[in-house]
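The next block holds one structure in the form of structure tokens; read it before the comments.
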């Protein structure tokens with residue numbers, strides 16, 4: 030019989046007293062795709078405060094949690110996620126393919142469906158505004174109009190997400 034040395038299997042994860050694998054909340058911070066996505070979202074939302082100030086000459090802290098505006102935080106988040114998954118798992122992996130398709134759907138929705146929904150809200154608000162005061166819908170609260178993104182806002186979010194994922198992966202030591 031040939032003496033073939035088999036590689037030893039990796040050691041099992043440490044177990045808790047109940048026999049389940051140990052859990053560490055700090056492990057979340059070593060998840061590069063998650064960190065990249067959350068960081069891209071936070072940066073995009075923060076930038077919106079400044080782009081609103083530049084465009085409208087006013088500070089609007091609501092932009093930190095609002096949708097719409099420049100850059101698209103939806104695009105930044107899903108692009109960062111997809112790129113970081115690709116850098117960690119490989120761009121030929123099924124996980125990257127899944128993340129890339131997810132990103133494409135979200136980005137299409139951001140400048141397609143949601144943008145048109147915002148334009149419809151604008152028209153409906155104008156119609157309600159022009160109703161006579163005795164009409165039952167005259168006191169209806171206005172619909173939110175800033176729902177979607179322009180193609181430029183989606184593109185800017187994608188560029189931001191790519192940059193954040195690349196930076197995060199470099200810090201994590203991926204792709205080298």
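In the numbering used here, the protein residues as written are 30 to 205.
Think of the CB as a built atom: it goes at the ideal place given N, C-alpha and C, for glycine as much as any other residue.
Rounded separation between residue i and residue j - CA only
i           : j           : result
residue 146 : residue 83  : 26 Å
residue 185 : residue 162 : 43 Å
residue 197 : residue 65  : 6 Å
residue 164 : residue 59  : 57 Å
residue 102 : residue 121 : 26 Å
residue 63  : residue 137 : 22 Å
residue 158 : residue 189 : 38 Å
residue 154 : residue 171 : 6 Å
residue 85  : residue 79  : 10 Å
residue 160 : residue 152 : 13 Å
residue 178 : residue 150 : 14 Å
residue 77  : residue 199 : 26 Å
residue 201 : residue 156 : 53 Å
residue 134 : residue 81  : 26 Å
residue 180 : residue 187 : 10 Å
Counted within 10 angstroms of its Cβ, other Cβ atoms place residue i as buried (16 or more) or exposed
i           : result
residue 87  : exposed
residue 123 : exposed
residue 182 : buried
residue 191 : buried
residue 99  : buried
residue 30  : Low local confidence applies: a pLDDT of 49 at residue 30 is under 50, so the model's placement there is unreliable, with the coordinate-based value given in what follows. Flag for residue 30 reads exposed.
residue 148 : exposed
Any C-beta of chain C under 9 Å from that of residue i
i           : result
residue 114 : Chain labels in this structure do not include chain C; a single protein chain is all it has.
Residue i beta carbon near the ligand HEM (any heavy atom closer than 8 Å)
i           : result
residue 149 : The model depicted lacks the ligand HEM and carries no ligand whatsoever.
Practice task
Specify whether the stretch 59 to 75 and the stretch 102 to 111 touch according to this definition: at least 3 beta carbon pairs, one from each stretch, less than 8 Å apart.
Solution key: As far as the Cβ criterion goes, the stretch 59 to 75 touches the stretch 102 to 111, which means the pair count is three or higher.
Exercise for the section: May I have a chain-ordered list of the alpha helix (DSSP H) segments no shorter than 4 residues that lie completely inside the stretch 126 to 185? Expected result: The DSSP assignment places complete alpha helix (DSSP H) segments of no fewer than 4 residues inside the stretch 126 to 185 at 142 to 158, in order along the chain.
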